[in-house]
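According to my numbering, numbering within the sequence shown proceeds without interruption in unit steps and concludes at 147.
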Amino acid sequence: MATTYETRKMAVPEVHPEHKEYWEAAALGTLLIKQCDSCGEAHYYPRVLCPHCMSDNTKWNEAKGTGTIYTYSVMRKGTPYAIAFVELDEGLRMMTNIVDCDLDTIHIGQKVKVAFKQSGDQDNPGPFVPCFTPIKE
Ligand SMILES: [Zn+2]
């Protein structure tokens with residue numbers, strides 16, 4: 011039997027001042043990633059210092075929002091959901107949720123695209139969090 015996705019309440023992330031731009035872009039449906047001007051590497055989760063070379067010479071870049079499932083795990087306690095590491099086309103990996111799909115069809119190497127979901131609930135709405143959903147082939 012297919013497992014259908016139900017909306018799971020997502021925890022409201024803590025918004026730090028250095029991530030203000032990131033969450034503002036997310037609310038508009040744009041995924042931002044940090045790129046380092048010193049070594050050229052992109053990273054996620056956004057940090058002030060580049061984790062590759064410790065330079066503070068980092069800038070925001072708009073990601074295409076598409077990638078591939080690198081690894082995943084389906085949680086079946088309570089409302090089932092899938093967490094995954096998605097490798098973005100820009101080459102970095104981010105931990106995320108796979109949403110809006112049959113959880114039994116998720117597989118490694120699957121092409122996905124970003125889908126922003128609002129965290130929290132009606133009483134306490136939080137920022138939009140980047141999740142991923144399979145690209146229909
Ligand atoms: Zn760097």
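Beta carbons: idealized from backbone N, C-alpha and C, even for Gly.
With a cutoff of 9 Å on beta-carbon distance, ILE79 and ILE118 are scored as near each other.
ALA92: member of the beta strand (DSSP E) spanning 91 to 98, first to last residue. With contact defined as three or more Cβ pairs closer than 8 Å, the segment 102 to 116 and the segment 27 to 40 are not in contact. Close CB contacts of ARG18 within its chain, under the 6 Å cut and outside five residues either way in sequence, are with THR89, TYR91 (chain order). Here the distance from the Cβ of THR68 to the nearest heavy atom of ligand 1 is below 8 Å. Annotation for GLY101 indicates a beta carbon at 8 Å or more from all heavy atoms of ligand 1. The beta carbon of LEU98 sits closer than 6 Å to those of ALA73, GLY77, all from its chain and outside the five residues before and after it, given in chain order. The distance from the Cβ of VAL22 to that of GLY101 is about 29 Å, inconsistent with a contact at the 8 Å cut-off. About 30 Å separates the Cβ atoms of ASN107 and CYS63, ruling out a contact at the 8 Å cut-off. Within the segment 62 to 137, the complete beta strand (DSSP E) runs of at least 3 residues fall at 68 to 72, 76 to 85, 91 to 98, 103 to 108, 121 to 130. Distance from the CA atom of ASP66 to the CA atom of GLY75, rounded to whole angstroms, is 24 Å. Looking at the backbone, the Cα of MET20 and that of GLN132 are separated by about 12 Å.
Ordered by chain, the residues meeting the criterion of a beta-carbon within less than 6 Å of a non-hydrogen atom of ligand 1 are CYS46, SER48, CYS49, GLU51, CYS60, HIS62, CYS63, SER65. Spanning the alpha carbons of CYS60 and ASN134 requires a straight line of approximately 33 Å.
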